[in-house]
Amino acid sequence: MCAVRNKQSRNGRRNRSEWFGVDPVISVGNLWKVFGSNASQVVASDELKSLSRQELMDRTGAVAAVRGVDFDVAPGEMFVVMGLSGSGKSTLVRCLTRLVEPTAGTIMFEGENILEADAKRLRDLRRNKFSMVFQHFGLLPHRTVADNVGYGLEIRGVPRAKRGERSQEVIDLVGLTGYEKSYPDQLSGGMQQRVGLARALAGDPDVLFFDEPFSALDPLIRRDMQSEVIRLHREVGKTMVFITHDLSEALKLGDRILIMRDGQVVQVGTGDELVGAPADDYVRDFVKDVPRSHVLTLKWIMRPPRPDDELDGPELSPETVVREAVRSVLGADKPVKVVRDGELLGVVADEEILGVVAGEV
Amino acid sequence: MVAVAVPRRQIPRKALIVGGIVLAWLVLWLVFRNVGTLALDASELTPLHRWINSVNDAVGASRNSNPVFLYFFNEIRLVIDEFVTFVQALIAQPSFGRPVPVIGWLGVVAIAGFVSLAVAGWRVALLAVAGFVFLGLQGLWQESMDTLSLTLAAVVIALLFGIPLGIWAGLSDRANRIMTPVLDFMQTMPTFVYLAPLTLFFLIGPASATIATLIYAAPPAIRITAHAIRSVPHNTVEASESLGATRKQTLLKVLLPSARKTIVLGVNQTIMAALSMVTIAALIDAPGLGKTVVKALQTLDVGTAFNAGLAIVVLAIVLDRVTTAATERRSLPRWAFFGGFGVTGVAVYFSYTYLWAAEFPSEVEIGSSIRKGATAVTEWVQDSLPVITNGFKDFVTSVLINPLQALLAESPWFLVALVIVALSFLIGGVRAAVVSAACLGVLVATGLWQDAMITLASTLVATILVMILGVVVGVWMGRSRRADRFIRPILDAGQVMPAFVYLVPILALFSATRFTAIIAAVVFAAPVAIKIIADGIRAVSPATVEASTALGSSSWQTIVKVQLPMARRALTLAANQGLIYVLSMVVVGGLVGAGALGYDVVAGFSQGQLYGKGLAAGVAIVVLGVMLDRLTQAAAKRWTN
Chain G
1 MCAVRNKQSR NGRRNRSEWF GVDPVISVGN LWKVFGSNAS QVVASDELKS LSRQELMDRT
61 GAVAAVRGVD FDVAPGEMFV VMGLSGSGKS TLVRCLTRLV EPTAGTIMFE GENILEADAK
121 RLRDLRRNKF SMVFQHFGLL PHRTVADNVG YGLEIRGVPR AKRGERSQEV IDLVGLTGYE
181 KSYPDQLSGG MQQRVGLARA LAGDPDVLFF DEPFSALDPL IRRDMQSEVI RLHREVGKTM
241 VFITHDLSEA LKLGDRILIM RDGQVVQVGT GDELVGAPAD DYVRDFVKDV PRSHVLTLKW
301 IMRPPRPDDE LDGPELSPET VVREAVRSVL GADKPVKVVR DGELLGVVAD EEILGVVAGE
361 V
Chain E
1 MVAVAVPRRQ IPRKALIVGG IVLAWLVLWL VFRNVGTLAL DASELTPLHR WINSVNDAVG
61 ASRNSNPVFL YFFNEIRLVI DEFVTFVQAL IAQPSFGRPV PVIGWLGVVA IAGFVSLAVA
121 GWRVALLAVA GFVFLGLQGL WQESMDTLSL TLAAVVIALL FGIPLGIWAG LSDRANRIMT
181 PVLDFMQTMP TFVYLAPLTL FFLIGPASAT IATLIYAAPP AIRITAHAIR SVPHNTVEAS
241 ESLGATRKQT LLKVLLPSAR KTIVLGVNQT IMAALSMVTI AALIDAPGLG KTVVKALQTL
301 DVGTAFNAGL AIVVLAIVLD RVTTAATERR SLPRWAFFGG FGVTGVAVYF SYTYLWAAEF
361 PSEVEIGSSI RKGATAVTEW VQDSLPVITN GFKDFVTSVL INPLQALLAE SPWFLVALVI
421 VALSFLIGGV RAAVVSAACL GVLVATGLWQ DAMITLASTL VATILVMILG VVVGVWMGRS
481 RRADRFIRPI LDAGQVMPAF VYLVPILALF SATRFTAIIA AVVFAAPVAI KIIADGIRAV
541 SPATVEASTA LGSSSWQTIV KVQLPMARRA LTLAANQGLI YVLSMVVVGG LVGAGALGYD
601 VVAGFSQGQL YGKGLAAGVA IVVLGVMLDR LTQAAAKRWT N
């Protein structure tokens, strides 16, 4: 669980309000994707749109994979979309680059509605602005690692020498130095996904999309690759949209997490918001087994000072994760003050801390 | 358990009905025997046959005046003729005023070696050189080169159309939907049947032979290319698209390179199919080894037929090894490439300039010894093994062939038709009954009803033998890895061999009779059936077999109660394919004493006044094929659901 702390200390710098102070890179509005020959009729009818997935299926034979999804992604954010299989998350991420054509809605990317882009503009965007890492890697078996990584540059028309230079850079960046001449089938799954990662980075895109990139890897390799992505996110500072079905992966990586169910958004928020204030029973059930002391911060457990509290104890920030505060709170003989910018927000004493820690056992 | 119990209870009732029908048939057969059998003598013609003859004559007369011929068929024939003649001029026939071809034997051997070296490596190159030299030593250099020329010409044209069509079918669902049934039909159609109509439009000779060959050889290329494009993993294509590749870039950089290995396999299939068909096309006067075999078969000269058959096998092995090895990734060192290129250039120059390198030296020759050896072995076999071979032959003939043929061919036609339609209804419902009735109607119209029934009898016997072999060997292979490893290469080799080649040893063993043709068909069809059944048995989940063993089943019980029932889809597929393969050997069987439709087709090629009858016989074979194919498929559907 040290992995969770790793993310929390990184995340400690920012809080929710920061994601709304800037113009979003991606802004998705009322996005629908319906599969079926009568898809456009479905999205044109408010009545059909209000049906559940199963009812719609029974009545029209159409399958609504994504249903009226809205969200914004801020520049430099690691935005995680989480859902179980069949929740529509993979369709959603494919809609964002129009690998799957959305049925209705808007996708604004840097102020431009991608759904209105023609084929050429869309190719330009894919070549220069987006790139994607796939669950099953999607490598070309007949090309070496270096040629796979350089593929995106090759189709853009970058000359060979320059391509080689840039490929080498990203190969070094993802830790594949020495494997340039290998073929994909000579590499392990984790290494192959590093190639996929390098290929996505080679074009220097603004946004990276990850479609469950580590689901096919075994747990140890998956942990390495998660740390690798966190490192890359810190080093290259790119906006990333990450799809996963694994809650602990979502909590570890995500600045914010969107939970999807049956094609709809259930809740969007930071990890501690999901755990501290689940939107409904579905989310509550989901986060039930998360070690709360690893995720919750003091602001979720503090209480208003009572008259008999002594207010000259130590001070901590409201963003401090509970388990980091355990020692200070239990060690102090007075309640700990939760303070932001000199303002007293509340206090935390032994019983609040023990409530969280004991609740887990 | 319910799923098992329901059909069990149904089968006896249906079996009772079938039994009743057969019993009624037998009784009526005794009463009406030899009445209304629609028999036709070998030289007898119906008005339809005469009419086709007159159409043929009219076409012949207007060949150079009718615009359809002048600007369409004749043009196609001329272009193909030119192309074939050109390839023959290069390696096979005296040309350009020279007494020898442009490239003599030394040059051809060097080119064969070099190409094999470049695409398939040292070992295969050695095999290719040895194989080609062996052809020369057999005294069959020119015949071999004629066969090779026709094969290459047909393959080039087939690939020229086939690969783009395959790519199209691979990319477009609509194109695929249109092409699949056409290809299905081309492949279910007995292969040698379209020789006859082709000669109507393109005359007898190399052009018709090439066209027949490419009709036969193109479907695998189209199919396999489309399959190769389609089976490139979706996520690879998606990854390329997500990087902003255009359709063309995705095709050229992702789809084709990923599909390369499979496409080369398609090329291999095309070459093997072409070689097989080119030898058969000897029936319509295609030059080459096939012609030598046909002539020898007609004079029952087993020695010569064996020698030429051996040459076909050698050619087949070389072509197969080279193209199979070409699927692997390999690169030749630069020095070897240019060295080989230089040596080849010198050899080609010598073979162009000097007679010794142009004409294969006739002093060194082993062909006559092979011929003599084969003849001696044949005579020995015929003298010493008649007890075994004749015993087997007489047994199958009297137990299976004669009764079945008597029943089918000596019953009144309406009785047989009624029985078949009734059985079709039981198997596949109204639709199957209608299809069968229509097919039977056409059979009557061809005027060859009795011949068709005799052929049907032989076909059924051959199919029964194929299924017996298929189940026995297939189950063995499916259950034993070692048996599979040992037998599968033999089956592969059997499938690669051109159909003609089988005839020679079988003819030697059993001389020219119906039985010989049946055995040839069995040998031709069995590998397919065995492989399908073996794969079906192997595909039965090991967990189920293990569970059965754990319950204490004996091997026999496991086979009969678990593996065969679970592999029934494979069994029906094997029966269907077995039938189709058997039927496509009918014409070849006509060469070795099968009589009936096969003989009618063969005779139609060689005698002008029988042309119409031969064509009608071809149609009858196709109709039999369609009917049996539909019926087995309907049976398969019913049985597997």
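Residue numbers (full-length UniProt numbering), protein chains in the order written: chain G, 1 to 361; chain E, 1 to 641.
Cβ coordinates follow ideal geometry from the N, Cα and C atoms, glycine included.
Coil, strand or helix - residue i by DSSP
i	result
K253 (chain E)	helix
G178 (chain G)	coil
M191 (chain G)	helix
N11 (chain G)	Bear in mind that the predicted position of N11 (chain G) carries a pLDDT of just 42, short of 50, making it unreliable; the figure below should be weighed with that in mind. Three-state result, N11 (chain G): helix.
R8 (chain E)	Because R8 (chain E) sits at a pLDDT of 47, beneath the cut-off of 50, its placement in the model cannot be relied upon, and the point is left open.
T103 (chain G)	coil
A3 (chain G)	Summary for A3 (chain G): the model assigns pLDDT 39, below 50, so the residue's position carries little reliability; its value from the coordinates is reported in the next sentence. Reduced to three states, the DSSP call for A3 (chain G) is helix.
I26 (chain G)	strand
N268 (chain E)	helix
F210 (chain G)	strand
residue 690 (chain E)	No answer is possible for residue 690 (chain E): it lies beyond the span of chain E, which begins at 1 and ends at 641.
F242 (chain G)	strand
A325 (chain E)	helix
Q186 (chain G)	helix
K334 (chain G)	coil
R327 (chain G)	helix
F201 (chain E)	helix
G494 (chain E)	helix
E319 (chain G)	coil
E112 (chain G)	strand
Chain-ordered chain E contacts of residue i [CB-CB under 9 Å]
i	result
M132 (chain G)	E238, A239, S242 and L243
I155 (chain G)	S240, L243, G244, A245, T246, Q249, T250 and K253
Per-residue contacts from residue i into chain G (C-beta, under 7 Å)
i	result
V254 (chain E)	L140
T225 (chain E)	Near T225 (chain E) there are no residues of chain G at all, since even the closest Cβ is about 17 Å away, more than 7 Å.
T246 (chain E)	R123
Interface partners of residue i on chain E, CB under 8 Å
i	result
H136 (chain G)	P233 and N235
R126 (chain G)	E241, S242, L243 and G244
L99 (chain G)	E238, E241 and S242
G152 (chain G)	L243 and G244
Contact belief for residue i with residue j at Cβ below 8 Å, rounded distance in angstroms
i	j	result
I533 (chain E)	A483 (chain E)	Not confirmed; about 13 Å, so no contact.
A200 (chain G)	S90 (chain G)	16 Å between Cβ atoms; not a contact.
T46 (chain E)	G367 (chain E)	Going by Cβ atoms, the distance from T46 (chain E) to G367 (chain E) rounds to 45 Å, so no, they are not a contact pair.
A374 (chain E)	F306 (chain E)	4 Å
A358 (chain E)	G104 (chain E)	3 Å
A216 (chain G)	G175 (chain G)	In fact, because the Cβ distance is near 19 Å, the residues do not count as touching under 8 Å.
V295 (chain G)	G271 (chain G)	5 Å
Candidates the options: closest to residue i by CA position
i	options	result
S548 (chain E)	E:A209, E:A296, E:V562 and E:S240	E:V562
P24 (chain G)	G:G105, G:L139 and G:F79	G:F79
K14 (chain E)	E:L426, E:F486, E:E546 and E:A437	E:L426
R303 (chain G)	G:I171, G:R223, G:G346 and G:V207	G:G346
V155 (chain E)	E:R230, E:V504, E:V84 and E:V601	E:V84
E365 (chain E)	E:G19, E:M179, E:G136 and E:A575	E:G136
L115 (chain G)	G:E169, G:K33 and G:E273	G:K33
T88 (chain E)	E:D173, E:G598, E:G428 and E:V102	Per the sequence shown, the amino acid found at residue 88 (chain E) is Gln instead of Thr. Nearest of E:D173, E:G598, E:G428 and E:V102 to Q88 (chain E), Cα basis: E:V102.
R121 (chain G)	G:T97, G:A279 and G:V133	G:T97
R514 (chain E)	E:Q298, E:M627, E:I91 and E:T459	E:T459
residue 365 (chain G)	G:E101, G:V66 and G:K337	The displayed coordinates of chain G run from 1 to 361. Any statement about residue 365 (chain G) would go beyond what the structure contains.
V28 (chain G)	G:G150, G:V69, G:K49 and G:S50	G:V69
V302 (chain E)	E:L70, E:L507 and E:R63	E:L507
Interface partners of residue i on chain G, CB under 9 Å
i	result
S258 (chain E)	L140, P141 and H142
Near the ligand MN: residue i beta-carbon under 7 Å from a heavy atom
i	result
A198 (chain G)	Annotation note on the ligand MN: not contained in the displayed structure, which lists no ligands.
Closer than 8 Å to chain A by CB, residue i
i	result
A438 (chain E)	In the structure shown, chain A does not exist; the protein chains are G and E.
Any C-beta of chain G within less than 7 Å: which residues of the stretch 322-354 of chain E qualify? none
Mind checking the stretch 170-194 of chain G against chain E and listing, in chain order, the residues whose C-beta falls within less than 7 Å of any C-beta there? none
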